[in-house]
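Notes for the one structure printed next.
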Amino acid sequence: MVDQTNSSVAMAADYAMPTAVKPDLRTRLQNLIPKLVLSPSLALILVFVYGFIIFSVYLSFTGSRILPVYDWVGLENYEKLFRLRHWSIAIKNLGIFAGLYIAICTAIGLSLAIFLDQKIRGEGFLRPIFLYPMALSFIVTGTAWKWFLDPGIGLEHTMHLWGWESFEFNWIKDRNFAIYTVVIAAVWQTSGFVMAMFLAGLRGIDNEILKAAQIDGASNWNMYRRIIIPQLRPAFLSAFVILSHLAIKSYDLVVALTGGGPGRATEVPATFMYSYTFTRNQMGIGASSAVIMLMTIAAIMVPYLYAELREKK
Amino acid sequence: MSVASTDNAISTGRITRAFIYLMLILFATFYLLPFGIMVLNSVKPLSEITGGNMMSLPQVFTLEPWFKAWNSAQIGVEPTGLKPYFWNSLKMVFPAVTISTVLGALNGYVLTKWRFKGDTILFGLMLFACFIPFQIVLIPMARVLGFLGIAGSTPGLVLVHVVYGLGFTTLYFRNYYQVFPTELIRAAQIDGAGFFRIFWRIMLPSSGPIIVVSVIWQFTNIWNDFLFGASFADLDSQPMTVALNNLVSSSTGVKEYNVHFAGAILAALPTLLVYIVAGRYFVRGLMAGSVKG
Chain A
1 MVDQTNSSVA MAADYAMPTA VKPDLRTRLQ NLIPKLVLSP SLALILVFVY
51 GFIIFSVYLS FTGSRILPVY DWVGLENYEK LFRLRHWSIA IKNLGIFAGL
101 YIAICTAIGL SLAIFLDQKI RGEGFLRPIF LYPMALSFIV TGTAWKWFLD
151 PGIGLEHTMH LWGWESFEFN WIKDRNFAIY TVVIAAVWQT SGFVMAMFLA
201 GLRGIDNEIL KAAQIDGASN WNMYRRIIIP QLRPAFLSAF VILSHLAIKS
251 YDLVVALTGG GPGRATEVPA TFMYSYTFTR NQMGIGASSA VIMLMTIAAI
301 MVPYLYAELR EKK
Chain B
314 MSVASTDNAI STGRITRAFI YLMLILFATF YLLPFGIMVL NSVKPLSEIT
364 GGNMMSLPQV FTLEPWFKAW NSAQIGVEPT GLKPYFWNSL KMVFPAVTIS
414 TVLGALNGYV LTKWRFKGDT ILFGLMLFAC FIPFQIVLIP MARVLGFLGI
464 AGSTPGLVLV HVVYGLGFTT LYFRNYYQVF PTELIRAAQI DGAGFFRIFW
514 RIMLPSSGPI IVVSVIWQFT NIWNDFLFGA SFADLDSQPM TVALNNLVSS
564 STGVKEYNVH FAGAILAALP TLLVYIVAGR YFVRGLMAGS VKG
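Chains as they are written, first to last, in my numbering: chain A, 1 to 313; chain B, 314 to 606.
Have a look at this one:
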């Protein structure tokens, strides 16, 4: 666990005074301070994160409705949950949303990064334009897109005014297509950020290898396919982890863009949990849906964090 | 992200370059369009929006929607405009950002320079806390805030944002301090400097860039938060995002799109401003969020 270059200073202090048999009070106090400083944060995290997780997991096994009660009902909530049509819609929507969102963001992010990496004039001008949506709240993004996609006054209406009478784009009002508008708005918000991640990765690649390959007559296409993109593996992984956890957590955007509608057509687990817990007074079921969300994220994050932290050993 | 020194060695032909520029411009349009049109339409009278073309320039220029969104628009039941909620957000953001950044700096310092057995595991626990879906803590949090007597108040929201921001700020400072020469600290210690003196005199003076990153990250995240605001705030503490959503999705009366747009831009202004002023750091901050270091 101890990094060679980072050996603890407390130990260094001991080495510096090899004659002291037992450290005096002051030294012992000094050694205690770091742990004391860390402890409030740690206590907060242990209670407010892990304590709360345990509490929610417990609630998911109780018959809580409007308020928490502590009667054990076993797996009943989970059985009910997976029989609910709303939940299967939410899961299906999350599948569509997360899949497309991750794939499209990665594709756009990588392409834009590669384009920007070609000694582009005005890069300093373009980069902030690609990135600024990331600074916005999802509520703002949702407001902008809700209106832009509204067939009555938005894009469709404008195209009609411009003389393209047959133009039709009413996905946001269509039960079967509304979820794709959430994808569009979410891609708009985050793809620039993915571009920044890939760009940083591209800029970190050693030019000497590329020059050597060029001298050997490799085409641009082959250089990207064989040399550059494989070296971007860490950026791909980070992008995947960040995008997937954003996708599973996404709540605000759906609320602002479609409000879960039309009907319940764009329900996702996050909106499901909220409405079952706080408006439908089915706290037990709400808690069980939150547990499923947590487990999904944990399945992605735990191996990733474990690998990241181990590497630094 | 320096540009000059790291240009790649790939050269491209004329047609490829034209294609690349075309794509870049197309995407720039894609990113600018929804927000740009929102700005354009926020200075039009309502009749021009419902009856006209969203792409056309305003025939009558008016700032009335902006004043209305700020001062007098109906939010929930009160015609207060967004102004009080803007202050609510500020009152929540400043303490939350300050506290979480200070704690993050101290944690990062301890976790890199005063290491002890099991510290990596503790850091892992803090890090995982960044990524939990907040739905898992909503129910117990509502109860604990009530128990502490700060339910529905700004201090309650500050507590929530500090707790769930700690993981990120700790991550930033830990990664930053990890490459800071430990020898300097060892030397200072031999000279008799204690824990806080070393932090104050040696670590803090060189922490400028990472403090900026942490502040920007926390500011953006807390300002833009909706879920916690919607769950734990009441009328006196509701943040801007919640008020904006109430304004936009209220179903009574005529939909005043121009007022909605002005409101949305008002809600976006602080983070956009921070981003414009310190954008380069913002990007770096987001990069650090990818758990590298």
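Glycine included, C-beta positions come from ideal geometry on N, C-alpha and C.
Supposed contact pair residue j and residue i - C-beta distance, whole angstroms, cut 8 angstroms
i, j, result
"F61(A)", "A247(A)", "With 8 angstroms as the limit, F61(A) and A247(A) do not qualify as a contact, their Cβ atoms being about 27 angstroms apart."
"N402(B)", "P552(B)", "In the sequence on display, residue 402(B) carries Ser and not Asn. With 8 angstroms as the limit, S402(B) and P552(B) qualify as a contact, their Cβ atoms being about 4 angstroms apart."
"S550(B)", "A455(B)", "The pair is not a contact, with the Cβ atoms about 14 angstroms apart (cut-off 8 angstroms)."
"I172(A)", "T258(A)", "7 angstroms"
"I153(A)", "W147(A)", "7 angstroms"
"V492(B)", "T414(B)", "19 angstroms between Cβ atoms; not a contact."
"S355(B)", "I578(B)", "6 angstroms"
"L161(A)", "N366(B)", "5 angstroms"
"S244(A)", "I102(A)", "6 angstroms"
"T325(B)", "N220(A)", "7 angstroms"
"V255(A)", "N558(B)", "7 angstroms"
Cβ neighbour criterion (16 or more within 10 Å) applied to residue i
i, result
"E308(A)", "buried"
"Q372(B)", "exposed"
"F70(A)", "The sequence given here has Tyr at residue 70(A), not Phe. Under this definition Y70(A) is an exposed residue."
"T5(A)", "Its pLDDT being 40, under 50, T5(A) is placed unreliably in this model, and the value from its coordinates should be taken loosely. Exposed, since its Cβ has fewer than 16 Cβ neighbours within 10 Å."
"N542(B)", "The amino acid occupying residue 542(B) in the given sequence is Gly; Asn does not appear at that position. G542(B) is buried by the Cβ-count criterion."
"R487(B)", "buried"
"Y274(A)", "buried"
"E569(B)", "buried"
"Y588(B)", "buried"
"A299(A)", "exposed"
"M301(A)", "buried"
"A556(B)", "buried"
"G374(B)", "Here the sequence assigns Phe to residue 374(B), which means Gly is not the residue at that position. The residue is exposed, with fewer than 16 neighbouring Cβ atoms inside 10 Å."
"V567(B)", "exposed"
"R428(B)", "buried"
CA nearest to the CA of residue i, picked from the options
i, options, result
"H86(A)", "E267(A), Y274(A), A200(A) and G284(A)", "E267(A)"
"I227(A)", "Q189(A), D206(A), L243(A) and F198(A)", "D206(A)"
"P68(A)", "N366(B), V457(B) and L484(B)", "V457(B)"
"R127(A)", "S519(B), L337(B) and W513(B)", "L337(B)"
"A464(B)", "L548(B), H573(B) and L557(B)", "L548(B)"
"L46(A)", "R327(B), T342(B) and L438(B)", "L438(B)"
"A270(A)", "G99(A), Y304(A) and A290(A)", "A290(A)"
"W379(B)", "N366(B), V390(B), M367(B) and G394(B)", "G394(B)"
"G480(B)", "L25(A), L44(A), L36(A) and H245(A)", "L44(A)"
"A185(A)", "D252(A), P34(A) and E79(A)", "D252(A)"
"I229(A)", "F82(A), G109(A) and E156(A)", "G109(A)"
"A382(B)", "L582(B), T584(B), G576(B) and A591(B)", "G576(B)"
"S238(A)", "E208(A), V194(A) and W221(A)", "V194(A)"
"V187(A)", "Q118(A), L75(A), S41(A) and L131(A)", "L131(A)"
Minimum Cβ-Cβ distance from residue i to chain A less than 9 angstroms
i, result
"F348(B)", "yes"
"M439(B)", "yes"
"F460(B)", "no"
"Y334(B)", "yes"
"Y570(B)", "yes"
"N401(B)", "no"
"A382(B)", "no"
"S603(B)", "Because the pLDDT at S603(B) is just 43, under 50, the model does not fix this residue reliably, and the value given afterwards should be weighed accordingly. For S603(B), the answer is yes, since a Cβ of chain A falls inside 9 angstroms of its Cβ."
"A331(B)", "no"
"I524(B)", "no"
"I362(B)", "yes"
"M314(B)", "Note on M314(B): pLDDT 39, under 50, position unreliable in the model; no value is reported."
"G465(B)", "no"
"Y344(B)", "yes"
"A581(B)", "yes"
"P371(B)", "no"
"W379(B)", "no"
9 angstroms Cβ cutoff, residue i in contact with chain B
i, result
"T62(A)", "no"
"I66(A)", "no"
"N93(A)", "no"
"P269(A)", "yes"
"Q231(A)", "no"
"L309(A)", "yes"
"N170(A)", "no"
"Y274(A)", "yes"
"F97(A)", "no"
"T266(A)", "no"
Residue i CB to nearest heavy atom of the ligand HEM below 8 angstroms
i, result
"W72(A)", "As for the ligand HEM, it is missing from this structure, which has no ligand bound."
Original post:
Quick one: complete alpha helix (DSSP H) runs, 4+ long, within the stretch 99-175 of chain A?
Top reply: 123-131, 138-148 and 155-161
**OP:** Pick out the complete alpha helix (DSSP H) segments inside the stretch 530-572 of chain B, 4 residues or longer, and give them in chain order.
**Re:** 540-545 and 553-562, all fully within the stretch 530-572 of chain B.
Original post:
Can you list the alpha helix (DSSP H) stretches of 4 or more residues lying completely in the stretch 426-459 of chain B, in chain order?
Top reply: Taking only runs of at least 4 residues, the alpha helix (DSSP H) segments lying wholly in the stretch 426-459 of chain B are 432-444.
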